[in-house]
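J.: The structure's right below; bear with me while I get my questions together.
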Amino acid sequence: MDIIKKVMSANDKFIKNNNPIPFDKLPKWHVAIVTCMDTRLVNFLEPAMGISRGDVKMIKTAGNVVSGGLNDVIKSLMVCVYELGVKEILVVGHCHCGMEKTTSSSLSEKMKIAHITPAFIKKIIPLLKNWADNFQQPQQNVIDSVNNIKNSPYLPGNIIVHGFIIDPDTGKLELLTNNNQG
Ligand SMILES: [Zn+2]
Numbered sequence: 006m007d008i009i010k011k012v013m014s015a016n017d018k019f020i021k022n023n024n025p026i027p028f029d030k031l032p033k034w035h036v037a038i039v040t041c042m043d044t045r046l047v048n049f050l051e052p053a054m055g056i057s058r059g060d061v062k063m064i065k066t067a068g069n070v071v072s073g074g075l076n077d078v079i080k081s082l083m084v085c086v087y088e089l090g091v092k093e094i095l096v097v098g099h100c101h102c103g104m105e106k107t108t109s110s111s112l113s114e115k116m117k118i119a120h121i122t123p124a125f126i127k128k129i130i131p132l133l134k135n136w137a138d139n140f141q142q143p144q145q146n147v148i149d150s151v152n153n154i155k156n157s158p159y160l161p162g163n164i165i166v167h168g169f170i171i172d173p174d175t176g177k178l179e180l181l182t183n184n185n186q187g
């Protein structure tokens with residue numbers, strides 16, 4: 006089915022049944038979550054963590070990777086912290102993440118097939134390595150992302166960041182790093 010027709014038709018039905026209630030854009034929990042774009046987590050991570058509409062800010066990336074430097078996740082977290090009253094950040098990785106199998110070589114092979122020029126691929130290989138090849142294992146990646154947020158010069162030094170792993174099948178959540186315990 007054509008995706009535009011699909012979403013427009015769903016939207017027609019939705020707005021007929023939706024009773025618009027004004028919602029505050031500020032997150033009630035004062036929390037931002039950085040998690041993976043994995044399809045299994047859509048409409049699953051929220052109920053598994055007791056999150057409702059209006060409770061948190063949700064930022065999603067491939068493999069919930071947060072690198073150092075001024076990247077788009079850090080920029081979004083800056084908006085969360087400085088503009089939207091976020092006091093705590095939760096990084097939520099998950100088991101069986103697609104980023105475990107995504108590498109600079111798998112990406113560059115597929116980019117070649119998609120007619121990206123070899124010269125361009127060669128140029129960006131260091132960036133791909135630095136990102137995709139650094140993701141070895143979801144647990145370690147959560148720890149790295151938590152540390153990159155905590156050490157970011159763009160965010161307050163005392164920002165509270167916790168790390169979790171969720172099972173994308175059972176929804177079982179495991180606390181990996183607890184900032185309340187130093
Ligand atoms: Zn993932």
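Per my numbering, the very first residue in the sequence shown carries number 6; after that it's consecutive.
No residue lacks a Cβ here, since even glycine has one placed at the ideal position from N, Cα and C.
Pick from Ala53, Val12, Ile94, Lys18: whose alpha carbon is nearest that of Gly162?
T.: Mapped onto the sequence shown, residue 162 falls at position 157. With distances taken between Cα atoms, Gly162 lies closest to Ile94.
J.: Report the three-state DSSP secondary structure of Ile20 (helix, strand or coil).
T.: For the purposes of this step, residue 20 is identified with residue 15 of the sequence shown, where counting begins at 1. Ile20 falls in the helix class under three-state DSSP.
J.: Taking Lys128 as part of the alpha helix (DSSP H), name the residues at either end of that continuous run.
T.: For the purposes of this step, residue 128 is taken as the residue at position 123 of the sequence shown. Unbroken alpha helix (DSSP H) run through Lys128: 123-133.
J.: Any idea if Leu31 is buried or exposed, counting beta-carbon neighbours within 10 angstroms, 16 or more meaning buried?
T.: Looking up residue 31 in the sequence shown gives position 26. The residue in question, Leu31, is exposed, as its Cβ has fewer than 16 Cβ neighbours within 10 Å.
J.: Where in the segment 71-145 do unbroken runs of the alpha helix (DSSP H), each at least 4 residues long, occur, reported from the N-terminal end onward?
T.: List check, alpha helix (DSSP H) in window: 77-88, 109-118, 123-133.
J.: Any contact of the segment 135-146 with the segment 51-63, i.e. 3+ C-beta pairs under 8 Å?
T.: Taking 8 Å as the limit for Cβ pairs, the verdict is that the segment 51-63 does not touch the segment 135-146.
J.: Beta-carbon separation of Ile170 and Val71 under 9 Å?
T.: By 1-based counting over the sequence shown, the position of residue 170 is 165. By 1-based counting over the sequence shown, the position of residue 71 is 66. The answer is no: Cβ separation not under 9 Å.
J.: Verify whether the separation of the beta carbon atoms of Thr40 and His99 is less than 9 Å.
T.: Here residue 40 refers to the residue found at position 35 when the sequence shown is read from its first residue. Here residue 99 refers to the residue found at position 94 when the sequence shown is read from its first residue. Their beta carbons are under 9 Å apart, which means Thr40 touches His99 by this criterion.
J.: Along the alpha helix (DSSP H) that carries Leu31, what are the first and last residues, could you check?
T.: Looking up residue 31 in the sequence shown gives position 26. That residue, Leu31, is in no alpha helix (DSSP H); it is neither H nor E in DSSP.
J.: May I have a chain-ordered list of the alpha helix (DSSP H) segments no shorter than 4 residues that lie completely inside the segment 30-69?
T.: 50-54
J.: Tell whether a beta-carbon distance below 9 Å holds between Asp97 and Ile38.
T.: The count along the sequence shown starts at 1 and reaches residue 97 at position 92. The count along the sequence shown starts at 1 and reaches residue 38 at position 33. In the sequence under discussion, the amino acid at residue 97 is Val, which differs from the Asp named in the question. Yes, they are a contact pair.
J.: Could you give the DSSP three-state label for Ile212: helix, strand or coil?
T.: Because the chain in this structure spans residues 6 to 187, residue 212 falls outside the shown range and cannot be described.
J.: So is Asn23 buried or exposed if we call it buried at 16+ other beta carbons inside 10 Å?
T.: Numbered from its first residue, the sequence shown carries residue 23 at position 18. Asn23 sits exposed, since fewer than 16 C-beta atoms from the chains shown fall within 10 Å of its C-beta.
J.: Return the Cβ separation of Glu105 and Gln142 in integer angstroms, given the expectation that the two are a contact with Cβ distance under 8 Å.
T.: Here residue 105 refers to the residue found at position 100 when the sequence shown is read from its first residue. Here residue 142 refers to the residue found at position 137 when the sequence shown is read from its first residue. Correct: roughly 7 Å between the Cβ atoms.
J.: Looking only at DSSP bridge pairs, what is Thr182 linked to?
T.: The residue given as residue 182 occupies position 177 in the sequence shown. Answer by DSSP bridge pairing, in chain order: Gly168.
J.: Sorted by chain position, which residues of the same chain lie with C-beta nearer than 8 Å to Ala188's C-beta, five sequence neighbours on each side aside?
T.: Nothing in the structure corresponds to residue 188, since the chain is present only between 6 and 187.
J.: Enumerate in chain order the residues of its own chain whose CB-to-CB distance from Leu75 is below 7 Å, with the five nearest sequence positions on each side excluded.
T.: Here the question's residue 75 lines up with position 70 in the sequence shown. Contacts found: Tyr159.
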